[in-house]
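One structure is given here, and the rest of the page talks about it.
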Amino acid sequence: MSQILEPLKIVKDETKLFLVWFIFTILAGQIGIFTNVILKYKVNNIAISQSMIEESIIGSFFTFAIVLFASTLGLLFVNILERNPTVFKSFKVFLLIVTVFSLFFAGIYYSASTISIRNPIETKIENYSIDWPQVIFFILSIIFAVYTYCITRLDLNYEKYQHLDDNYAEKDNEKVEELQSGLVELDKDKKGNRL
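Heads up: the sequence shown begins at -13 in the working numbering, then just goes up one per residue.
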C-alpha cells in the first residue's frame, strides 16, 4: 500500500472511534441540509431531488465544505502546535498546504457562483444543472477531513506507524548514538583493557 494511503488504515484499526467522529463531524454537520430537504418534502411536497437542487443553488454544500476545510485546518494546527517534536510532519504540512488552497478556492468559487443570485428560490430549477465544482469541493472536504482524522490519530499509534514518520533529527540522533556505541567498544581490547 502506498505510504500516502497507509494512514487510512486507522479507519479499520479504530472503527468505533472513527464512526463516532464521522457521525458527529460529517453527518451531524449536515443536519441543516437534511432538515431542509425533509421539511420541504413533508410540508411542501417538494421532491427530494428538487430540494437538493435548491440547497445547491443557495450554496449549502459549499458552506459545509468551507466549514469542514476550516475545521480540518484548525485540527491540524492544534496537533502541530501541541506535539513537540511534531511527528509525521510531511503528511501534516502537505495536508495543510492542500487544505489551505482548497479552502481558498472553495471560498472564491462560492462567492462568485452565488453573488449573481438575488432570490435563489425564484431561480429556474429546470434550467439548473449539477454544480460540479460545488460537488467536488463537498467531496474533497469530506476526504480531507477523514484523512486529517487519520493523520492526527497516527500520533497515538506511533509504534505501529513509526515507519511513516519523517522526523529526520531523531533518526539521525539514533544513528549517531549507534556509531558512538560502536566507538566505545573500539576503545577496549578483547580483554577489556583500555587502549
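Quick reminder that beta carbons are idealized off the backbone N, C-alpha and C, glycines included.
| Check | Outcome |
| --- | --- |
| For F77 versus I(-4), is the C-beta spacing smaller than 9 Å? | no |
| Taking DSSP as the reference, what is the three-state secondary structure of R139? | helix |
| From which residue to which residue does the alpha helix (DSSP H) around T72 run? | Careful: T72 lies outside any alpha helix (DSSP H) and carries neither H nor E. |
| Return the CA-CA distance between N30 and I12, expressed in angstroms with no decimal places. | 27 Å |
| Would V23 pass as a contact of L59 if the rule is Cβ separation under 9 Å? | no |
| Where T100 and I125 are concerned, what is the direct C-alpha to C-alpha distance, given to the nearest angstrom? | 19 Å |
| Do you know how far the Cα of G45 is from the Cα of G15? | 15 Å |
| Taking Cβ to Cβ, would you say E(-8) is nearer than 9 Å to Y147? | yes |
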